[in-house]
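Asks: Below is the structure I would like to discuss, written out as structure tokens.
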Amino acid sequence: METMYLIVSVLLLILVICNKLLQRKYHHKNLPPSPPSLPIIGHFHLLKQPVHTAIDKLIQLYGPVLFLWFGFRPVVVLSSPAAIKECFTKNDIIFANRPRLLMGGLTEKYSVIPLAQYGHLWRNLRRVTAIELFSLIRLDMSSNGRKGEARSLIRKMFKNSNGEFMKVELKSVFYKLVFNFLARILGMKPYFGEEEMVDPQMAKDKLDALRSKFSATPAFGLGDFFPFLKWISRWRMGKKTLEWFKKRDQYLQNILDGFRSRASISSKEEKEKKRTIVDVLLSLQETEPELYTDDVIKGIILVTFVGGSGTSTTTMEWAMSLLLNHPEVLDKARNEIEHNVGCHQLLDESDLVKLPYLRCIISETLRVCPIGAFLAPHESSEDCTIGGYNVPKGTMLLVNQQALYKDPKVWPEPTMFKPERFEKSKRENEGTKWIGFGQGRRGCPGEALANRTLGLTLGLLIQCFDWERVGGEMVDMTTGDQRLMTKAKPLEAMYRPRKALLNVLSQL
Numbered sequence: 002m003e004t005m006y007l008i009v010s011v012l013l014l015i016l017v018i019c020n021k022l023l024q025r026k027y028h029h030k031n032l033p034p035s036p037p038s039l040p041i042i043g044h045f046h047l048l049k050q051p052v053h054t055a056i057d058k059l060i061q062l063y064g065p066v067l068f069l070w071f072g073f074r075p076v077v078v079l080s081s082p083a084a085i086k087e088c089f090t091k092n093d094i095i096f097a098n099r100p101r102l103l104m105g106g107l108t109e110k111y112s113v114i115p116l117a118q119y120g121h122l123w124r125n126l127r128r129v130t131a132i133e134l135f136s137l138i139r140l141d142m143s144s145n146g147r148k149g150e151a152r153s154l155i156r157k158m159f160k161n162s163n164g165e166f167m168k169v170e171l172k173s174v175f176y177k178l179v180f181n182f183l184a185r186i187l188g189m190k191p192y193f194g195e196e197e198m199v200d201p202q203m204a205k206d207k208l209d210a211l212r213s214k215f216s217a218t219p220a221f222g223l224g225d226f227f228p229f230l231k232w233i234s235r236w237r238m239g240k241k242t243l244e245w246f247k248k249r250d251q252y253l254q255n256i257l258d259g260f261r262s263r264a265s266i267s268s269k270e271e272k273e274k275k276r277t278i279v280d281v282l283l284s285l286q287e288t289e290p291e292l293y294t295d296d297v298i299k300g301i302i303l304v305t306f307v308g309g310s311g312t313s314t315t316t317m318e319w320a321m322s323l324l325l326n327h328p329e330v331l332d333k334a335r336n337e338i339e340h341n342v343g344c345h346q347l348l349d350e351s352d353l354v355k356l357p358y359l360r361c362i363i364s365e366t367l368r369v370c371p372i373g374a375f376l377a378p379h380e381s382s383e384d385c386t387i388g389g390y391n392v393p394k395g396t397m398l399l400v401n402q403q404a405l406y407k408d409p410k411v412w413p414e415p416t417m418f419k420p421e422r423f424e425k426s427k428r429e430n431e432g433t434k435w436i437g438f439g440q441g442r443r444g445c446p447g448e449a450l451a452n453r454t455l456g457l458t459l460g461l462l463i464q465c466f467d468w469e470r471v472g473g474e475m476v477d478m479t480t481g482d483q484r485l486m487t488k489a490k491p492l493e494a495m496y497r498p499r500k501a502l503l504n505v506l507s508q509l
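Here the working numbering runs 1 ahead of the position in the sequence shown, where the first position is 1.
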């Protein structure tokens, strides 16, 4: 026993010395302000749950450019427009990398767009997805699919209501609808039929299975901050977790094989007519197999579902919650739709450009209820400066969008839901003050798709139905999951068809 204690003591001493040497290496530099740290753990003792709230307090004490030690990993946290602008303009290439996190390497092999290192692979993936998945031409081509799915939902809700107020649980409705949207974009059949869309119990097993398959990979593991604990991170994943990843990978492989089989039996004319993003990637695989591997193609399918499902669902749920709590905003949005679209036809994606206030509602929702307190992490590939401070190579960058949105110096009355603030010049309120879809080279490539999805769905729900809160009580705005900042309690609301739209709805 004494020998074990001696070994542990020696190891701890070595770690403390290594940690001190590492921090001394950075000590002479003009680093951003930083609170006192402890040996080995750095500033982890200050990061009590929820982490973003603890960091907000440190920002108030030390300023909007903050330097922290997460174990052995140096981290810079930004929360001011000036610092964010400098980071993603002058230093955009330097911060175009992602930190090589252990979980991403074990499960996704760094072959998906969000995790890929800035370089040849990432540029090719970005180019292909920008052209074949998120380009205006592709989005226009897939608009009929989204229109069909959205109107199918409206039709089912109309039939269920019988003209009276009916309660609906919107979280599962949004999740099913978004999955159908994304499946259509990839060239797949919708996952859920019309009968399954509104009933929360119908297709519950199918919905739970999809949530399980396409849930986001945990962001961090112990080994990301303590290199000597990487083996523990692998051990903690365990056989059960690895088996789950294998099942998901096999599910994606089956999807890919299905596209291959379809392509092999289709005529040349059919291939050209129904050329999906997966078909394009498979054709590229024939000419550049070392670049467009099966893992890369499966990664694009995975990111489409993971990146699009949770974020869009959560944003729509928060938006409807805010509208229910602010009926005057709901009325103003409905009046805009009636004025620009009318009551004799249903809103379509092509009408969204005529609905600036609806766009303001979406932007303000993402400000008041952002998807995650921080943007996805970046990492510096070279030494650089931000706000006059030195930031060493290998520093992880966290942009604290939640602290930015709560800053009264940046956003007057930051806790108030006021879509009108976005009616001003777009340049004045967006850019580095509003970063709902990220910034720089690693900004979200699916922004245009997200805006169409959110605008079409929310617009139709506002146009077609009257909405009330269940029991008349204010909707609970408590946050649950701290990673995606989801609602703690799924949103339920009362709806009924609007009299002015009865004729149109009855013809669906």
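Glycine residues also receive a C-beta, built at the ideal position from the N, C-alpha and C atoms.
Pairs of beta-carbons, one from the stretch 157-166 and one from the stretch 122-135, closer than 8 Å: are there three or more?
Replies: Contact fails: fewer than three Cβ-Cβ distances are below 8 Å.
Asks: Any idea what DSSP makes of residue 113, helix, strand or coil?
Replies: Taking the first residue of the sequence shown as 1, we reach residue 113 at position 112. Looking at residue 113 - three-state DSSP - the assignment turns out to be coil, as it is neither helix nor strand.
Asks: Between which two residues does the alpha helix (DSSP H) holding residue 307 run?
Replies: As a first step, residue 307 must be located in the sequence shown, where it is residue number 306. Taken as a continuous stretch (DSSP letters only), the alpha helix (DSSP H) holding residue 307 covers 295-326.
Asks: Evaluate contact between the stretch 88-99 and the stretch 432-442, counting only Cβ atoms and requiring at least three cross-stretch pairs below 8 Å.
Replies: The stretch 88-99 is in contact with the stretch 432-442.
Asks: Considering only the alpha carbon of each residue, which of 504, 384, 418 lies closest to residue 328?
Replies: Stepping through the sequence shown from its first residue, residue 328 is reached at position 327. Cα-wise, what sits closest to residue 328 is 418.
Asks: Is it right to say residue 386 is buried, meaning 16 or more other beta carbons lie within 10 angstroms of its own, or is it exposed?
Replies: For the purposes of this step, residue 386 is taken as residue 385 along the sequence shown, with counting starting at 1. Classification for residue 386: exposed.
Asks: Report back the beta-carbon spacing between residue 460 and residue 348 to the nearest angstrom; my notes put them in contact at under 8 Å.
Replies: Working through the sequence shown from its first residue, we reach residue 460 at position 459. Working through the sequence shown from its first residue, we reach residue 348 at position 347. About 5 Å; that satisfies the 8 Å criterion.
Asks: How many angstroms separate the CA atom of residue 264 from the CA atom of residue 211?
Replies: As a working note, residue 264 is residue 263 in the sequence shown. As a working note, residue 211 is residue 210 in the sequence shown. One C-alpha to the other measures close to 25 Å.
Asks: What's the C-alpha gap between residue 508 and residue 369?
Replies: Your numbering for residue 508 matches position 507 in the sequence shown. Your numbering for residue 369 matches position 368 in the sequence shown. Rounded to the nearest angstrom, the two C-alpha atoms are 37 Å apart.
Asks: Report yes if the C-beta distance between residue 420 and residue 361 is below 9 Å; otherwise report no.
Replies: As a working note, residue 420 is residue 419 in the sequence shown. As a working note, residue 361 is residue 360 in the sequence shown. Result yes, Cβ atoms of residue 420 and residue 361 sit closer than 9 Å.
Asks: Expressed to the nearest angstrom, what Euclidean distance is found between the alpha-carbon atoms of residue 177 and residue 481?
Replies: By 1-based counting over the sequence shown, the position of residue 177 is 176. By 1-based counting over the sequence shown, the position of residue 481 is 480. Roughly 20 Å separates the two Cα atoms.
Asks: Tell me residue 39's beta-bridge partners as DSSP assigns them.
Replies: For this step, residue 39 is matched to residue 38 along the sequence shown. Answer is 43, bridged to residue 39.
Asks: From which residue to which residue does the alpha helix (DSSP H) around residue 161 run?
Replies: On the sequence shown, position 160 is the one that residue 161 refers to. Note, residue 161: alpha helix (DSSP H), 144-162.
Asks: Under 9 Å between the Cβ atoms of residue 56 and residue 69?
Replies: On the sequence shown, residue 56 is found 55 positions in, with the first residue counted as 1. On the sequence shown, residue 69 is found 68 positions in, with the first residue counted as 1. Yes, they are a contact pair.
Asks: Quick one: what's got a C-beta closer than 7 Å to residue 415's C-beta in the same chain, skipping five residues either side?
Replies: Along the sequence shown, read from residue 1 onward, the residue named residue 415 stands at position 414. Hits under 7 Å: 406, 407, 408, 409.
Asks: Given a cut-off of 9 Å on the beta-carbon distance, is the pair residue 471 and residue 495 in contact?
Replies: Position 470 of the sequence shown, counted from the start, is the residue given in the question as residue 471. Position 494 of the sequence shown, counted from the start, is the residue given in the question as residue 495. Yes, these two residues count as a Cβ contact at 9 Å.
Asks: Assuming the contact rule is C-beta atoms closer than 8 Å, residue 352 and residue 342 should be a hit. Round their C-beta distance to whole Å, please.
Replies: As a working mapping, residue 352 is identified with position 351 in the sequence shown. As a working mapping, residue 342 is identified with position 341 in the sequence shown. About 5 Å; that satisfies the 8 Å criterion.
Asks: Considering only their Cβ atoms, is the gap separating residue 143 from residue 186 smaller than 9 Å?
Replies: Translated into the one-based positions of the sequence shown, residue 186 becomes position 185. Translated into the one-based positions of the sequence shown, residue 143 becomes position 142. A contact, by the Cβ cut-off of 9 Å.
Asks: Residue range of the beta strand (DSSP E) that residue 134 falls in?
Replies: To locate residue 134, count along the sequence shown from 1; it is residue 133. Segment: none, residue 134 is in no beta strand (DSSP E) and carries neither H nor E.
Asks: For residue 427, collect the residues of the same chain with a Cβ closer than 7 Å to its Cβ; drop the 5 residues on either side in sequence, then sort them by chain order.
Replies: By 1-based counting over the sequence shown, the position of residue 427 is 426. Because residue 427 carries a pLDDT of 49, less than 50, the predicted location of this residue cannot be relied on, and no value is offered for it.
Asks: Does residue 120 pass the burial test, meaning 16 or more other C-beta atoms within 10 Å, or should it be called exposed?
Replies: Walking along the sequence shown from the start, residue 120 turns up at place 119. Exposed is the call here.
Asks: Is the stretch 142-156 in contact with the stretch 451-460, if contact means three or more CB pairs nearer than 8 Å?
Replies: A contact exists between the stretch 142-156 and the stretch 451-460.
Asks: Is it the case that the stretch 282-297 contacts the stretch 250-266, given that we only count it when at least three CB pairs across the two stretches are under 8 Å?
Replies: They touch, by the three-pair rule.
Asks: Tell me whether residue 70 sits in a helix, a strand or coil according to DSSP, three-state version.
Replies: In the sequence shown, counting from the first residue as 1, residue 70 sits at position 69. Strand.
Asks: According to the neighbour-count rule (16 or more other Cβ atoms, all chains shown, within 10 Å of its Cβ), is residue 172 buried or exposed?
Replies: Here residue 172 refers to the residue found at position 171 when the sequence shown is read from its first residue. Looking at its Cβ environment, which holds 16 or more other Cβ atoms inside 10 Å, residue 172 is buried.
Asks: If we call anything under 9 Å between Cβ atoms a contact, is residue 312 one with residue 175?
Replies: Reading the sequence shown from its first residue, position 311 is the one you call residue 312. Reading the sequence shown from its first residue, position 174 is the one you call residue 175. It is not a contact, given that the beta carbons lie outside the stated cut-off.
Asks: Could you give the residue range of the alpha helix (DSSP H) that holds residue 356?
Replies: On the sequence shown, residue 356 is found 355 positions in, with the first residue counted as 1. Looking at the DSSP string, residue 356 is not in any alpha helix (DSSP H), and its letter there is neither H nor E.
Asks: Tell me whether residue 499 sits in a helix, a strand or coil according to DSSP, three-state version.
Replies: Position 498 of the sequence shown holds residue 499. Here residue 499 sits in coil by DSSP.
Asks: Output needed for residue 49: all residues of its chain with C-beta closer than 8 Å, excluding positions within five of it in sequence on either side, in chain order.
Replies: For the purposes of this step, residue 49 is identified with residue 48 of the sequence shown, where counting begins at 1. Excluding sequence neighbours, residue 49 sits near 55.
Asks: At which residue ranges does the stretch 458-487 contain complete alpha helix (DSSP H) runs of 4 or more residues, listed in the order of the chain?
Replies: List check, alpha helix (DSSP H) in window: nothing returned.
Asks: Cβ atoms of residue 373 and residue 189: under 9 Å apart, would you say?
Replies: Numbered from 1 along the sequence shown, position 188 holds the residue referred to as residue 189. Numbered from 1 along the sequence shown, position 372 holds the residue referred to as residue 373. Contact flag unset, no.
Asks: Sorted by chain position, which residues of the same chain lie with C-beta nearer than 8 Å to residue 436's C-beta, five sequence neighbours on each side aside?
Replies: As a working note, residue 436 is residue 435 in the sequence shown. Once the five neighbours on either side are set aside, the close Cβ partners of residue 436 are 85, 376, 400, 402, 405.
Asks: I need the DSSP call for residue 168, collapsed to helix, strand or coil.
Replies: Here the question's residue 168 lines up with position 167 in the sequence shown. Residue 168: strand per DSSP, three-state reduction.
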